[in-house]
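Using this note's numbering, the first residue of the sequence shown is number 270, and each one after it goes up by one. Heads up, the beta-carbon is just placed ideally off N, CA and C, and yes, glycines get one too. The model shown is predicted, which means the values in this text are computed figures rather than measured ones. Here's the structure we're looking at; comments come further down.
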Amino acid sequence: TGLMAKEVVIGTMGVLYAGSLKASLLSHFTPASAYSFLVFVLLYPPCISAIATMKKEYGKNMALASIVYQSCLAWIVSFIVFNLIKIFNYKGVIYMLEISITIILAALAVYILYKNLKKQASGKCNCECCSNHCENYKK
Numbered sequence: 270t271g272l273m274a275k276e277v278v279i280g281t282m283g284v285l286y287a288g289s290l291k292a293s294l295l296s297h298f299t300p301a302s303a304y305s306f307l308v309f310v311l312l313y314p315p316c317i318s319a320i321a322t323m324k325k326e327y328g329k330n331m332a333l334a335s336i337v338y339q340s341c342l343a344w345i346v347s348f349i350v351f352n353l354i355k356i357f358n359y360k361g362v363i364y365m366l367e368i369s370i371t372i373i374l375a376a377l378a379v380y381i382l383y384k385n386l387k388k389q390a391s392g393k394c395n396c397e398c399c400s401n402h403c404e405n406y407k408k
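Laid out in structure tokens, this is it:
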């Protein structure tokens with residue numbers, strides 16, 4: 270239901286757990302998973318109407334790329350939040366390794382996105398295979 274409207278996520282959970290929402294949430298979520306869930310809900314793609322507007326304004330490919338990017342970003346950031354809370358609670362070395370790997374992968378993803386956007390803005394093609402028939406191709 271979060272894709273219909275983010276603000277109804279907790280209402281939907283109240284219907285699904287059909288009882289005391291507070292007691293149900295306390296039995297299903299730890300503090301780390303609750304904060305991680307909140308961060309994920311805040312960062313994942315917006316409602317369907319916003320996605321439809323992105324498709325109309327920017328095209329299908331850009332809307333799809335935006336959905337994938339926002340979903341990955343939400344997962345990575347919520348993963349980092351969850352593991353940071355676990356590190357400060359349990360002082361685990363394994364969790365520090367997981368977070369380091371996630372931060373490196375996130376930085377790599379941002380670098381690749383920046384590099385591709387810069388290349389597209391310069392008017393060059395994004396691939397080498399269309400050099401014979403692409404009017405935007407410049408070596």
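So, at 7 Å on beta carbons, what are the nonlocal neighbours of Leu294 in its own chain, with the 5 sequence-adjacent residues on each side left out?
For the purposes of this step, residue 294 is taken as the residue at position 25 of the sequence shown. Nothing listed; no residue qualifies.
For Leu307, tell me which candidate among Met331, Ala274, Ile279, Ile336 has the shortest Cα-Cα distance.
Reading the sequence shown from its first residue, position 38 is the one you call residue 307. Of the candidates Met331, Ala274, Ile279, Ile336, the residue whose Cα lies closest to the Cα of Leu307 is Ile279.
Over the uninterrupted alpha helix (DSSP H) stretch that includes Met323, give me the two end residues.
Here the question's residue 323 lines up with position 54 in the sequence shown. Per DSSP, Met323 belongs to the alpha helix (DSSP H) from 317-327.
Please identify the residue among Leu272, Ile370, Ala292, Leu353 whose C-alpha is closest to the C-alpha of Tyr313.
Within the sequence shown, residue 313 is the residue found at index 44, counting from 1. Tyr313 has its Cα closest to that of Leu272, out of Leu272, Ile370, Ala292, Leu353.
With distances taken from CA atoms, which of Ile336, Ala303, Cys316 is nearest Val277?
On the sequence shown, position 8 is the one that residue 277 refers to. Nearest of Ile336, Ala303, Cys316 to Val277, Cα basis: Cys316.
Outcome for Ala292 when other beta-carbon atoms lying within 10 angstroms are tallied against a minimum of 16
What you label residue 292 is simply residue 23 of the sequence shown in a count that begins at 1. It is exposed - the Cβ of Ala292 has fewer than 16 other Cβ atoms within 10 Å.
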